[in-house]
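Enquirer: Number 204 in the numbering used here belongs to position 204 of the sequence shown; there are no gaps in the numbering. Below you will find the structure I want to go over with you.
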Amino acid sequence: MKKELKVIPCHIGIIMDGNGRWAQKRKLPRVFGHREGLKAVRKAVKAAKKFKIKYLTLYSFSTENWKRPKEEVNFLFKLMETRLRKEGDSLNRNNVKVEFTGRKEGLPKKLIEIMDYVRDITKNNTGLNLIFAINYGGRQEILDAIEKIVKKKKIKKVDEETFRKFLYLPDVPDVDLIIRTAGEKRISNFLIWQSVYSEFYFTDVLWPDFDEEDFYKALVSYQKRKRKFGGLIK
């Protein structure tokens, strides 16, 4: 019998790591791992809906991922385009609101078009807010925000509330729980501004093997956390 979950994080971010290692362990090309990773994305979305998570952000392609071989990068973009084209209407029927965070510059035109289409058809949905971080970097987001503020010459004072308005998705709440798969224990430039008080859950499970049970284990771990937000626990 599963333990009752009394505290549910509003916003979960997942650093989906281990696709390449999953393939290499099976002596397969890395692209096979990326294909299998998509199945884990579906499972994570299903689990997020089941456990009534309001926001789920998936780290899909970082600004550092451009350093990978060109063939792999092109494959990833084509895979994203194909799956968004196939899954967009299904996500819409399931009342999922899809959003994207990151820079469009450099992304293939067809990928941008399907991203815009899926965002548009799901914009009025009221269920899970599913956010794909594509060509995203936390440092770059902060630099872009600073650049926008500098251009707004009328702004005389910048506090946290003002700064937040210039982030890519200013209305999305800070991330409560960050899950990272494949045994690595670092943030890798993911949601730097939004993760100042995040809890972290690290698992050795490779992303293609990550399923609802693993999602549940992360939520069980979250139950044990005492979140102080810089204050004291009474």
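We put the CB at the ideal spot given by N, CA and C, even for glycine.
Give the DSSP-derived three-state secondary structure of T101 in the structure shown.
Expert: strand
Enquirer: Give me whichever residues DSSP pairs with I12 in a beta bridge.
Expert: L56, L177
Enquirer: For L169, which residues of its own chain have a beta-carbon under 8 Å away from its beta-carbon, when the five flanking residues on both sides are left out?
Expert: E99, T101, I131
Enquirer: State the Cα-Cα distance for the pair W66 and V73, rounded to the nearest angstrom.
Expert: 7 Å
Enquirer: Can you tell me the Cα-Cα spacing of N124 and V118, whole angstroms?
Expert: 11 Å
Enquirer: Where do the ends of the alpha helix (DSSP H) carrying L91 lie?
Expert: 70-93
Enquirer: Excluding sequence positions up to five away, which residues of its chain have a Cβ less than 6 Å from the Cβ of D159?
Expert: Within the same chain, D159 has no close Cβ partners at all.
Enquirer: Report yes or no: is there a C-beta of chain C within less than 8 Å of the C-beta of A133?
Expert: No chain C is part of this structure, which consists of one protein chain only.
Enquirer: Going by beta carbon distance, what residues of the same chain come within less than 7 Å of T122, once the five residues before and after it are set aside?
Expert: Only L91, N92, V96, K97, V98 meet the Cβ criterion.
Enquirer: Helix, strand or coil: which one does DSSP assign to S195?
Expert: helix
Enquirer: Nearest CA to the CA of K246: which residue from S221, R225, E212, A218?
Expert: The structure shown does not extend to residue 246, since the chain is modelled only from 1 to 234, so the question has no answer here.
Enquirer: Please report how far the alpha carbon of A218 lies from the alpha carbon of L56, in whole angstroms.
Expert: 14 Å
Enquirer: Which partner residues does L238 have in the DSSP bridge list?
Expert: Because the chain in this structure spans residues 1 to 234, residue 238 falls outside the shown range and cannot be described.
Enquirer: How would you call D116, buried or exposed, if buried means at least 16 neighbouring beta carbons within 10 angstroms?
Expert: exposed
Enquirer: For the alpha helix (DSSP H) containing W22, name the first residue and the last one.
Expert: Taken as a continuous stretch (DSSP letters only), the alpha helix (DSSP H) holding W22 covers 19-25.
Enquirer: Considering Cα atoms alone, identify which of D89, M80, G37 is closest to I112.
Expert: M80
Enquirer: By a C-beta neighbour count over all protein chains shown, 10 Å radius and 16 as the cutoff for buried, is V175 buried or exposed?
Expert: buried
Enquirer: Do N135 and G106 have their CB atoms nearer than 8 Å?
Expert: yes
Enquirer: What residue range is occupied by the uninterrupted alpha helix (DSSP H) comprising F166?
Expert: Premise fails: F166 is in no alpha helix (DSSP H) and is neither H nor E.
Enquirer: Evaluate T162 with the Cβ neighbour count: other Cβ atoms within 10 Å of its Cβ, from every protein chain shown; 16 or more gives buried, anything less gives exposed.
Expert: The C-beta of T162 has fewer than 16 other C-beta atoms within 10 Å across all chains shown, which makes the residue exposed.
Enquirer: In angstroms, rounded to a whole number, what distance separates the CA positions of K2 and A145?
Expert: Cα-Cα distance, rounded: 43 Å.
Enquirer: Where do the N-terminal and C-terminal ends of the alpha helix (DSSP H) with T122 fall, by residue?
Expert: 109-122
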